[in-house]
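Residue numbering for the sequence shown follows the working numbering, beginning at 38 and increasing consecutively.
Using N, Cα and C, we set each Cβ at its ideal position, and we do this for glycine too.
Every value quoted in this text rests on a predicted model; they were computed, and no experiment measured them.
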Amino acid sequence: MRRRSGKRVRAFMWNRVVEFMTSREHEGLPQQVIAKRLGMSLPMLRDYLSDELWAEVARRRSGVVNVEELTLVDRAMLERAKEGSVAAAKLIYARLGGVPVEDEVPSLEELEVELGKLKGK
38 MRRRSGKRVR AFMWNRVVEF MTSREHEGLP QQVIAKRLGM SLPMLRDYLS
88 DELWAEVARR RSGVVNVEEL TLVDRAMLER AKEGSVAAAK LIYARLGGVP
138 VEDEVPSLEE LEVELGKLKG K
């Protein structure tokens, strides 16, 4: 177990960071708040957030859900996006790797034209 800087880490602290980052408790919190809750400085937290740590977080999170559940969630999210939920659409695009280039709208005027087309359907 190593930090981003290459320094070896104490197993206790590494596990604490992994457990916190695996929990829902950290979601939406700035790193400064996370560091404070873990009792470490912001630079130290950032040093701990290595590729190795994120791989362990992903491994632990993947054990919580199964493929069938994710399929149901994806279908529900797609339905919400089709109904006009911008938040749902953003999540879907994030899972797919971003907005397709051909779907990007370069200006507000073009967006209004596209909206008009959709309302006319």
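Where residue 54 is concerned, the enclosing alpha helix (DSSP H) starts and stops at 48-59. Out of 61, 54, 88, the CA that lies nearest to the CA of residue 72 is found in 54. Two segments are said to touch when three or more pairs of C-beta atoms, one from each, lie closer than 8 angstroms; by this definition the stretch 38-53 touches the stretch 67-87. Around the beta carbon of residue 104, fewer than 16 other beta carbons sit within 10 angstroms, so the residue counts as exposed. Where residue 157 is concerned, the enclosing alpha helix (DSSP H) starts and stops at 145-157. Residue 101: not part of any alpha helix (DSSP H); DSSP gives it neither H nor E. The distance from the Cβ of residue 125 to that of residue 114 is about 5 angstroms, consistent with a contact at the 8 angstroms cut-off.
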